[in-house]
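**Q** I have a structure here, written as structure tokens, and I will follow up with some questions on it.
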Amino acid sequence: MEAKREGPSLGKVALVVYASLLLFTVVLMVLSIPAGLYAVYYTNLSNTSLSSATPVYNLRLFVGIYTVAVPVNTSIGSIFGILTAIYAGLLTFAGFQNRNALSAIRSALTQGSSELFSNSLLASVSALGALTLGIGLLEIIQNNAGIKTGSISGDSLLLFVSITLAPLREELGFRVALVGVLALVLGFRQSVKTALKALWRPSVILTGEPGDLPNKVGLTIMVVISSILFGAAHLLSGAGWDLGKVSEASAAGVVLGYLYVRYGFHAAVLLHWGVNYFGSAFAFFGQGVWGVPWQSDFGNPLNVLVEVDLFLLIGVTSFFLVGYKILKRLTQARGAIESDGSRSLNPQGAGAQVQGDQPRGGRELRRGRLRPHRERRQDAELPRASERRL
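Our numbering numbers the first residue of the sequence shown as 539 and each following residue consecutively.
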């Protein structure tokens, strides 16, 4: 009798759907780039007499909550064009860095959803969905409690360019200037090369050794501090944000800080760019082409598509997937702590090594081969693994 062939499991079907949503979001991100360029260069986006040719003589940069005015001699259009080229380059770099996005998706279909996070672009898009929905829920809770978020206003062209500039400017000023500089200093204890790499991706100073604990604690504390300052800076900027924006931006700062430490500067910038630019580009395109105000929730089909994707499609799925991964990591950490505690209380329990049985050279026989104690210690380590503009 022929055996009954089993169909694909529910988990694999869900993974295929989620991977498809990730790719769909990436495609929308890519399409938002020419949409933004067209809106700035070929439409009358400004509410006043400003245009892409309007000169700009200084740029404000951040170092924590402090601002520094840098003199320049350029135009609005030139700034926007340079920024767009940088973000397009980072998007491409993330898609092909180490392991390209398509390879990570193929691996995830056979080895599990964790493989999706081996690519920084997919990780950033997943974080974008989870963060968008999370901030939306937080805003609803705060509004019901009487805590207002506020909103930004002004000339539409200047606003769009400012929103586009913010990811690069603020990630340099809050993540690199605070978390990155700390990683740079700590990295010098290993080598100059490691220190310089740590400025781009702070996790390079985390080697998996027991001595990593001070580095982990230091980076974690600095991520929290930079996030709080990031939230406070929005309130102090005078751009129109209210008290509720502090908690929203601070929560986003923690996610941005994690991506910066884990994947690198480009991942944090892309997440920030996704919240700011991708979440707005089609809205400003609609205003420039169809005359639909960019703040309008309806009337612009492209903007509605992005909102549905960020909130309902990639938003809901990423929110629960990331939440599941966090709970799983916490459960593993708790199990490891309890296991270490039971071994220390019962050193001669089942499977304990009897003194004198240890082979020469500080090695132990484990799983059929000799392994150094240093490697065994590494095995026990856990893997390192509305208005939403920031």
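Yeah, the Cβ is synthetic: ideal placement off N, Cα and C, and Gly gets one too.
Given that a residue counts as buried once 16 or more other Cβ atoms are within 10 Å of its Cβ, and exposed if not, what is tyrosine 595?
**A** With fewer than 16 Cβ atoms within 10 Å of its Cβ, tyrosine 595 is classed as exposed.
**Q** Could you compute how far the alpha carbon of isoleucine 759 sits from the alpha carbon of asparagine 753?
**A** One C-alpha to the other measures close to 10 angstroms.
**Q** Give me the residue from Leu808, Ile678, Leu859, Ala821 with the minimum Cα distance to alanine 626.
**A** Here the closest residue by C-alpha is Leu808.
**Q** Can you tell which of Val551, Gly817, Trp738, Lys735 has its C-alpha closest to the C-alpha of glycine 574?
**A** Nearest option by C-alpha distance: Gly817.
**Q** Please classify glycine 829: does DSSP put it in a helix, a strand, or coil?
**A** Looking at glycine 829 - three-state DSSP - the assignment turns out to be coil, as it is neither helix nor strand.
**Q** Under the rule that 16 or more other beta-carbon atoms within 10 Å means buried, what is isoleucine 679, buried or exposed?
**A** With fewer than 16 Cβ atoms within 10 Å of its Cβ, isoleucine 679 is classed as exposed.
**Q** In whole angstroms, give me the CA-to-CA distance for isoleucine 620 and serine 613.
**A** Approximately 11 angstroms, taken between the alpha carbons.
**Q** Tell whether a beta-carbon distance below 7 angstroms holds between glycine 667 and glycine 853.
**A** Yes, the pair counts as a contact, with Cβ atoms nearer than the cut-off.
**Q** Can you tell me whether glycine 837 is buried or exposed? The criterion is at least 16 other CB atoms within 10 Å of its CB, across all chains shown.
**A** Exposed, because fewer than 16 other Cβ atoms sit within 10 Å of the Cβ of glycine 837.
**Q** Using the three-state DSSP reduction, which class does glycine 688 fall into: helix, strand or coil?
**A** Here glycine 688 sits in strand by DSSP.
**Q** The beta strand (DSSP E) that contains asparagine 638, what's its start and end?
**A** Where asparagine 638 is concerned, there is no enclosing beta strand (DSSP E), given that its DSSP letter is neither H nor E.
**Q** Which residue or residues does DSSP assign as beta-bridge partners of tyrosine 604?
**A** Answer is Val601, bridged to tyrosine 604.
**Q** Please work out which residues of its chain come closer than 6 angstroms, Cβ to Cβ, to serine 929, disregarding the five sequence neighbours upstream and downstream, and give them in chain order.
**A** Beyond the ends of the chain as shown, which are 539 and 928, falls residue 929; an answer cannot be given.
**Q** Using CA coordinates, which residue listed in Asn841, Gly824, Gly873 is at the minimum distance from leucine 695?
**A** The shortest Cα separation from leucine 695 among Asn841, Gly824, Gly873 belongs to Gly824.
**Q** What separation, rounded to the nearest whole angstrom, lies between the Cα atoms of valine 793 and serine 785?
**A** Whole-angstrom Cα-Cα distance: 13 angstroms.
**Q** Answer yes or no: do leucine 659 and glycine 684 have a C-beta to C-beta separation smaller than 7 angstroms?
**A** No. Outside cutoff.
**Q** Compute the distance between the beta-carbons of serine 788 and serine 764, then report whether it is under 7 angstroms.
**A** Taking 7 angstroms as the Cβ cut-off, serine 788 and serine 764 do not qualify as a contacting pair.
**Q** Can you grab the Cα-Cα spacing for the pair serine 656 / valine 554, in whole Å?
**A** Approximately 17 angstroms between the Cα atoms of the pair.
**Q** Enumerate in chain order the residues of its own chain whose CB-to-CB distance from arginine 739 is below 6 angstroms, with the five nearest sequence positions on each side excluded.
**A** Contacts found: Gly802.
**Q** For alanine 577, count neighbouring C-beta atoms within 10 Å of its own C-beta (all shown protein chains included) and say buried if the count is 16 or more, exposed if not.
**A** It counts as buried.
**Q** Examine the Cβ distances between the stretch 832–846 and the stretch 730–745 and report whether three or more of them are shorter than 8 angstroms.
**A** No: the two stretches stay apart, fewer than three of their Cβ pairs being nearer than 8 angstroms.
**Q** Going residue by residue through the stretch 745–807, where are the continuous alpha helix (DSSP H) segments of at least 4 residues, counting only ones entirely within it?
**A** Counting whole runs of 4 or more residues, the stretch 745–807 contains the alpha helix (DSSP H) stretches 751–774, 782–800.
**Q** Just list the residues that DSSP pairs threonine 612 with in beta bridges.
**A** Answer is Val594.
**Q** When DSSP labels each residue in this structure, what does phenylalanine 726 get in the three-state scheme?
**A** Note: phenylalanine 726 maps to coil in three-state DSSP.
**Q** Determine, using beta carbons only, whether aspartate 750 and asparagine 585 come nearer to each other than 7 angstroms.
**A** Their beta carbons are not under 7 angstroms apart, which means aspartate 750 does not touch asparagine 585 by this criterion.
**Q** Could you tell me the distance, in whole angstroms, from the CA atom of glycine 778 to the CA atom of glycine 674?
**A** Glycine 778 and glycine 674: Cα-Cα distance of roughly 18 angstroms.
**Q** Figure out for me which residue from Leu676, Ala770, Pro748, Ser662 has the closest Cα to the Cα of valine 860.
**A** Selected option, being the one with the closest Cα: Ser662.
**Q** For threonine 670, name the three-state secondary structure that DSSP assigns.
**A** It is helical.
**Q** Is the CB-CB distance between valine 568 and phenylalanine 618 below 7 angstroms?
**A** Their beta carbons are not under 7 angstroms apart, which means valine 568 does not touch phenylalanine 618 by this criterion.
**Q** DSSP on glycine 549, reduced to helix/strand/coil?
**A** In the structure shown, glycine 549 sits in a helix (DSSP, three-state: H, G or I).
**Q** Phenylalanine 822 and leucine 671: beta carbons closer than 7 angstroms?
**A** Contact flag unset, no.
**Q** For glycine 791 and valine 742, what's the separation of their Cα atoms in angstroms?
**A** If I take the Cα positions, the gap works out to 20 angstroms.
**Q** Just verifying my parser: in three-state terms, what is the DSSP assignment at valine 555?
**A** DSSP places valine 555 in helix when its eight states are reduced to three.
**Q** If I follow the unbroken alpha helix (DSSP H) through glutamate 708, where does it start and stop?
**A** Note, glutamate 708: alpha helix (DSSP H), 694–708.
**Q** Under a three-way DSSP split, which group does phenylalanine 631 fall into?
**A** Of the three classes helix, strand and coil, the one that applies to phenylalanine 631 here is helix, per DSSP.
**Q** Buried or exposed for valine 723, please, with buried defined as at least 16 other CB atoms from any protein chain shown within 10 angstroms of its CB.
**A** Flag for valine 723 reads exposed.
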